[in-house]
Amino acid sequence: MRLEDFTYDDVGGTRRGGFCPPGFHPMQVRTRIGEGEKAFQRASEAVLTWEMHRELGVGVEASADRATEGVDVTITLAGMIKAPCRIVYTVEEPRRTGWAYGTLAGHPECGEESFVVDRTGDGTVWLTVHAFSRAAKWYARAGGPATRGLQHAYARKCGNTLKRMCAPYSEA
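In our numbering, the protein residues as written are 274 to 445.
Spelled out as structure tokens, the structure:
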């Protein structure tokens, strides 16, 4: 993976929880998805195979069917805003699954965003979306705080969509 292709320096930074480099805006949204192993497995698969993103109604063009380190993915928002990224790491552990992507040239933002499903000791399944970002394109800068609000709304929509997708599999 060529680190010089990314539009920011702290590649892999979202792996460190609340990390946010200077000059970037932090974001973290945590959504309760459901209960039990079946809900965890369903949520994990939906995140790793882009299904959650596609269910949101965004375009997904990826160089592989599954998120793995080094895979290029372009998310298309509102049918016209292209957001090219590359997977910087994946997590596949017994109680945690997910990935993070970092921005490439042409993305309206600069930074990194992770989507991690975890199952706590009591069996509760969560999706945590963590990001650090700053505007890269003029229209993202012009949006100011509204652009960050859209990012928060997108993260909440990810959680709500995944919760709906996993409801039939939840033990609660």
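Yeah, the Cβ is synthetic: ideal placement off N, Cα and C, and Gly gets one too. Computed from a prediction, not measured in an experiment: that's the story for all the values here.
- Going by DSSP, residue 441 is part of no beta strand (DSSP E) at all; its letter is neither H nor E.
- Distance from residue 390 to residue 285 at the Cβ level is roughly 19 Å; contact not present, criterion being Cβ atoms closer than 8 Å.
- The alpha helix (DSSP H) runs lying completely inside the segment 381-424 and spanning 4 residues or more are 411-416, given in chain order.
- In the DSSP assignment, residue 359 falls within the beta strand (DSSP E) that extends over 354-365.
- Shown here, residue 342 sits in coil according to DSSP, grouped into three states, outside any helix or strand.
- A residue is called buried when at least 16 other Cβ atoms come within 10 angstroms of its Cβ; residue 423 does not meet this threshold and is exposed.
- Taking the Cα positions, residue 308 is about 10 Å away from residue 436.
- DSSP lists 354 as the bridge partner or partners of residue 350.
- Taking the Cα positions, residue 388 is about 13 Å away from residue 398.
- Bridge partners of residue 323 according to DSSP: none are assigned.
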